[in-house]
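Just below is one structure, and these are the notes that go with it.
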Amino acid sequence: CVRCGSFLFPREIENGEKLVSCCKTVSRTEVNDPITGYWIQNYNAPCVRAVIFETEKGLFCSYHKQPWVRRKIQQFE
1 CVRCGSFLFP REIENGEKLV SCCKTVSRTE VNDPITGYWI QNYNAPCVRA VIFETEKGLF
61 CSYHKQPWVR RKIQQFE
């Protein structure tokens, strides 16, 4: 599985404002590591619409329309 390499981490900029963490790209590859949680990210440029899966190995930005993504979400409902 491809780890979300385009995930922005919060950092301060010169005027003291913080940037929001987000996925800028998504992967279509299924996450096979045990998933401990997830959340949905809506589009807000430069952030793309994504399902972010959390595992012990890190966060994965996934394409929300993949059938496997829907199955993983249903396991939490």
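Take 1 as the starting number for the sequence shown in full-length UniProt numbering and just add one per residue.
No residue lacks a Cβ here, since even glycine has one placed at the ideal position from N, Cα and C.
Residue i - partner residues in DSSP beta bridges
i          : result
residue 50 : 41
residue 55 : 35, 58
Simplified DSSP assignment, three categories, for residue i
i          : result
residue 74 : helix
Spatial neighbours of residue i in its chain, beta-carbon cut-off 6 Å, leaving aside the 5 residues before and after
i          : result
residue 63 : 26, 28
Beta-carbon proximity list for residue i, same chain, < 7 Å, skipping 5 on both sides
i          : result
residue 43 : 49
Contact set for residue i: own chain, Cβ-Cβ below 8 Å, skip 5 residues either direction
i          : result
residue 36 : 54, 55, 56
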